[in-house]
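Written out below as structure tokens is the structure these notes cover.
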Amino acid sequence: MKRRTLTALALGAALAATAASAEITFRHAITGETLDFEYGKKGGDTEAFKKFKQSGKNPYNTDKAAIDKGHSLYLTACSGCHGHEAEGKLGPGLADDYWTYPRGATDVGLFEILWGGAQGMMGPQYTNLNADELLQIMSFLRSIYKGDPAKAEWLK
């Protein structure tokens, strides 16, 4: 009987460890298909991105250097459509509570939109920016957020 109990405990611990290390499944904002990171711009498989794939929380959200780099990347890659301070132009504003895709209120959802694209003119960015650069852009966007903190899913 002791042996069965120990085996059951060991199996339970192994299952818990597997569940704890399982990666999040990232999905396309429109189709719901699983996003494939094999085809993206190289160089983005950093420790920060690996943590993000496990936790769903952007580790750069409070990193000043990453926020500054994200601002620079945003100005180059995003401001033409979304405005220099994410106020919105051709594309929607990105610093308030209104999200065309409500999932954008989460770090995972925002990443999915950036990586895979969405409707309208928002094309996939995985060929222009690598995964780590997208996380840095996201950290900049979170740093200029002007909405209600209670609606800021990434703060929870």
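Be aware that the sequence shown starts at 145, since it is given in the working numbering, and climbs by one per residue. Beta carbons are placed, not taken as given, at the ideal position from N, Cα and C, and that holds for glycine.
Look at the alpha carbon of residue i and the alpha carbon of residue j, and state the distance between them as a whole number of angstroms.
i, j, result
"residue 225", "residue 198", "31 Å"
"residue 295", "residue 243", "11 Å"
"residue 262", "residue 268", "7 Å"
"residue 284", "residue 235", "17 Å"
"residue 255", "residue 174", "13 Å"
"residue 292", "residue 253", "18 Å"
"residue 237", "residue 248", "12 Å"
"residue 290", "residue 206", "16 Å"
"residue 212", "residue 177", "32 Å"
"residue 270", "residue 260", "7 Å"
"residue 172", "residue 257", "7 Å"
"residue 232", "residue 191", "32 Å"
"residue 241", "residue 180", "28 Å"
"residue 202", "residue 215", "15 Å"
"residue 227", "residue 166", "37 Å"
"residue 286", "residue 246", "15 Å"
"residue 223", "residue 264", "16 Å"
"residue 266", "residue 208", "27 Å"
Residue i bridges to which residues according to DSSP?
i, result
"residue 178", "171"
Do the CB positions of residue i and residue j come within less than 8 Å of each other?
i, j, result
"residue 193", "residue 276", "yes"
"residue 273", "residue 185", "yes"
"residue 196", "residue 279", "yes"
"residue 168", "residue 188", "no"
"residue 281", "residue 239", "no"
"residue 218", "residue 210", "no"
Am I right that residue i and residue j are in contact with their C-beta atoms under 8 Å? What's the rounded C-beta distance?
i, j, result
"residue 297", "residue 220", "Residue 297 to residue 220, Cβ: 27 Å. No contact."
Next on the checklist: Going residue by residue through the region 191-248, where are the continuous beta strand (DSSP E) segments of at least 3 residues, counting only ones entirely within it?
Outcome noted: none
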